[in-house]
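Taken in order, the sequence shown gives residues 1 to 75; the numbers are from the UniProt record's numbering. For each residue, glycine too, the CB sits at the ideal point set by N, CA and C.
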Amino acid sequence: MKYRHCDGKLVLKVTDNKECLKFKTDQAQEAKKMEKLNNIFFTLMARGPDVDMSEITGKEQIEAQPAKKGRGRKQ
């Protein structure tokens, strides 16, 4: 992962020595997503492919959430 201040761009480059993927962005929201993706890659490289994904992301996968009643428009 590289940040170029003069361009204001963040570049994420991932390779497996067969394919190389490169993603560039200048949006802060996308940069946060790229950081999370990079952390997942590092964890998978360190622990192997049999790691529990909820440990990496820090979130438990919720199958069904009850509908929330908000102040939105009535349907």
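DSSP beta-bridge partners for residue i?
| i | result |
| --- | --- |
| valine 14 | Leu21 |
| lysine 2 | Val11 |
Suppose you measure from the CA of residue i to the CA of residue j; what does that come to, to the nearest Å?
| i | j | result |
| --- | --- | --- |
| leucine 37 | aspartate 7 | 22 Å |
| lysine 2 | cysteine 20 | 15 Å |
| glutamate 55 | alanine 31 | 21 Å |
| leucine 44 | methionine 34 | 15 Å |
| arginine 47 | isoleucine 40 | 10 Å |
| isoleucine 62 | arginine 4 | At isoleucine 62 the pLDDT is 46, less than 50, meaning the model places this residue with poor confidence and gives no usable figure here. |
Looking at the structure shown, is residue i part of a helix, part of a strand, or coil, going by DSSP?
| i | result |
| --- | --- |
| glutamate 55 | helix |
| isoleucine 62 | Reliability fails at isoleucine 62, whose pLDDT of 46 lies under 50, so the model's placement of it is uncertain and the value that follows must be treated cautiously. Residue state, collapsed to three classes: coil. |
| glutamine 29 | helix |
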